[in-house]
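If you count by UniProt numbering, then the sequence shown holds residues 1 to 326, one letter each, in order.
Ideal placement from N, C-alpha and C gives every residue a C-beta, glycine not left out.
Encoded as structure tokens, the structure appears first; notes follow it.
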Amino acid sequence: MRKLIFITFVLIPFLGFSQNFEYQVLFEGIGDNREFSNSNKAMSQSILGSRGAFEIGIEIENHRIRGGLSQLLEFGSDLDYHKPKLTLYYQFSDAKKDFLFGAFPRRGKIDFPLAMLTDTLLYYRPNIEGMFGEVRWDWGHQNGFVDWVSRQTDVKRENFIVGFSGEIFHKNLFLENYLLMFHNAGPGIRIPGDNVKDYLGYALQAGVRTSENSPINGNLKAGVLGSSFRERSVTDGFVNATSLFAEAQGRFINYGIKSVLHAGEGHRFKDGDRFYRVENYWRTDAIWYFINHEKVKGRFNLSFHVINWNDLDQSQQLSIIYLFGN
């Protein structure tokens, strides 16, 4: 009898509101070839595979709970080479704010410069495990997240990431900000010579966008990229670096170009693109958007990497994303 009363009290809040069943299915095709042998500043590799993911859940008046799985199949590997990633989270969402807690997809939530968070995180760490919040106004937005990567045990390290990003704008002018911290502590049983490492970084860029009725959709922005690195008991405090950080991009119908310039001191970000550890780096992408369906997006990048004005590397990326649901 007591169990029945308890179950009834648990179900009453759900029975009193209109519930909506929700689902989402994702297919992602990955083709990523990186030829970096000229500079040897980053690892040459070819990443080919596909990802399947699904979510199901319920939504009640701006509150939703979702659960699912995400699985990467890297071509040439066994099915169990990559473990499935559990997706399980709570979300509150309205016109002005979002809040998520749990394990939820990174895509569509976290969008940092590659200097700070590299794009391979979407392949191998597709979920944020922690929390995310965003507040929106008519003139901009700000968001923040915590990603708990690893809990410290006798043999495992303690890793977590904290980040903030946002934008304010007036007509075609805008100002973007990014702030990131990665804490890397050793296991409970100390490893000789292994020390706590802290990675801090920021980016601040001001720019201008094309107008809404322009045939070319693009923007131009420039600012500063900064980083601070500390290895306790090794470095004398933080090692700081700053550089010019500029970007231009444009798209006309199904074709686009994007160019990013970093010039100044080399940076150390834990999960950033390793090319930004050099003093001067210029990347230019020629982009073909070959599928533009409402639920299917296909994109091909041909990328050129100029390192310290001396070496030229290149890479190609093919991406197909099929997302449907309600």
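By the Cβ criterion, the region 187-196 is not in contact with the region 165-176, since fewer than three pairs of Cβ atoms, one from each stretch, lie closer than 8 Å. DSSP places phenylalanine 290 in the strand class (E or B) of the three-state scheme.
Only residues of its own chain outside the window of five on either side were considered, and among them Pro187 have a CB closer than 6 Å to the CB of valine 155, listed in chain order. For valine 260 against glutamate 279, the beta-carbon gap comes to about 15 Å, at or over 8 Å, which does not count as contact. Beta-bridge pairing by DSSP links tyrosine 255 to Phe252, Trp288. Look at phenylalanine 300 here: in three-state DSSP terms it is strand. With a cutoff of 7 Å on beta-carbon distance, tyrosine 289 and asparagine 254 are scored as near each other.
In the DSSP assignment, leucine 122 falls within the unbroken alpha helix (DSSP H) covering 121-124.
Two segments are said to touch when three or more pairs of C-beta atoms, one from each, lie closer than 8 Å; by this definition the region 61-71 touches the region 85-100.
Contact between lysine 258 and isoleucine 216 does not hold, since their C-beta atoms are separated by about 13 Å, which reaches or exceeds 8 Å. Bounds of the beta strand (DSSP E) holding valine 224 are 217-231.
Your pair alanine 241 and glycine 226 checks out as a contact, with CB atoms roughly 7 Å apart and the cut at 8 Å.
Secondary structure at arginine 136: strand, using DSSP grouped into helix, strand and coil. DSSP places arginine 274 in the helix class (H, G or I) of the three-state scheme. Pairing glutamine 19 with glutamate 55 gives a Cβ-Cβ distance that is not under 7 Å. The Cβ neighbour count for isoleucine 58, taken over all protein chains shown within 10 Å, is under 16; the residue is labelled exposed.
The alpha-carbon separation between glycine 272 and valine 234 amounts to approximately 22 Å.
Taken through DSSP and simplified to helix, strand or coil, alanine 95 comes out as coil. DSSP links tyrosine 89 through a beta bridge to Arg66, Gly102.
At the C-beta level, phenylalanine 324 and lysine 295 come within 7 Å of one another. By the Cβ test, the region 99-107 is not in contact with the region 72-83, since fewer than three Cβ pairs between them sit closer than 8 Å. Glycine 266 and serine 243 have their C-alpha atoms spaced approximately 8 Å apart.
The beta-bridge partner set that DSSP reports for methionine 131 consists of Phe101, Val146. Each of Ala42, Glu35, Gln71 was checked against the Cα of glycine 29, and the nearest Cα belongs to Gln71. Residue range 197-209 is occupied by the beta strand (DSSP E) that includes alanine 206. Apart from sequence neighbours up to five positions away, the residues of its chain that approach glycine 102 with a beta-carbon distance below 7 Å are Leu88, Tyr89, Tyr90, ordered along the chain. In the assembly as shown, lysine 96 is an exposed residue. Its beta-carbon has fewer than 16 other beta-carbons within 10 Å.
For asparagine 184, the closest C-alpha among the options Val208, Gln205, Phe169, Glu158 is that of Glu158. When DSSP states are grouped into helix, strand and coil, tyrosine 81 belongs to the coil group.
Within the same chain, and ignoring the five residues on either side of phenylalanine 229 in sequence, the residues whose Cβ sits closer than 6 Å to its Cβ are Tyr199, Val239, Arg268.
In the DSSP assignment, leucine 114 falls outside any beta strand (DSSP E) and carries neither an H nor an E. For glutamate 279, the secondary structure class from DSSP, reduced to helix, strand or coil, is coil.
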